[in-house]
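Under UniProt numbering, think of the first position of the sequence shown as 1, with each following residue one higher. Yeah, the Cβ is synthetic: ideal placement off N, Cα and C, and Gly gets one too. Written out below as structure tokens is the structure these notes cover.
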Amino acid sequence: MDHRIRKHKRRVGILGFGKLGKFLASKIIESNSFELAFVWNRTTSAFDESVDSSLILDSIDDFKSKKPDIVVEVAHPSVTKTYGKDILEYCDYM
């Protein structure tokens with residue numbers, strides 16, 4: 001089987017919505033291969049109109065409800081220390 005062929009878009013969650021998180025979200029939204037599952041940020045003031053409000057995750061504890069295939073952390077190493085194990089038990093994590 002060719003692993004490059006996927007039946008569905010990979011759902012990506014982003015932890016952190018600073019410059020890098022915003023850049024990643026915009027590229028995922030434009031992509032034909034990926035779908036934005038959620039974005040989370042410590043402070044909600046970082047969010048702008050570039051992301052639909054239904055994609056904003058209030059608490060990292062609720063990440064499973066958005067059914068990500070992969071979660072990308074671009075927030076702070078403490079996020080990985082606190083949540084990395086739980087995320088890895090559910091999906092891929094970067």
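Selected residue, minimal CA-CA separation from residue i, among the options
| i | options | result |
| --- | --- | --- |
| Ser31 | His76, Val12 and Lys81 | Val12 |
| Trp40 | Arg10, Ser54, Lys85 and Asp86 | Ser54 |
| Tyr90 | His76, Val79, Lys81 and Lys64 | Lys64 |
| Leu36 | Val74, Pro77, Asp58 and Arg10 | Arg10 |
Where the beta strand (DSSP E) through residue i begins and ends
| i | result |
| --- | --- |
| Asp57 | Here residue 57 turns out to be Leu, not Asp, going by the sequence shown. Element bounds for Leu57: n/a, residue is neither H nor E. |
| Ala75 | No beta strand (DSSP E) contains Ala75, which DSSP labels as neither H nor E. |
| Phe38 | Phe34 to Trp40 |
Straight-line gap, residue i to residue j (C-alpha atoms, nearest Å)
| i | j | result |
| --- | --- | --- |
| Pro68 | Phe38 | 8 Å |
| Val51 | Lys66 | 15 Å |
| His8 | Val71 | 17 Å |
| Lys19 | Ala25 | 10 Å |
| Arg42 | Ile14 | 12 Å |
For residue i, the first and last residue of its enclosing alpha helix (DSSP H)
| i | result |
| --- | --- |
| Gly21 | Lys19 to Glu30 |
Contacts around residue i, its chain only, beta-carbon distance under 6 Å, and the 5 residues preceding and following it disregarded
| i | result |
| --- | --- |
| Ala75 | Leu15 and Gly16 |
| Glu73 | Leu15, Val79 and Thr80 |
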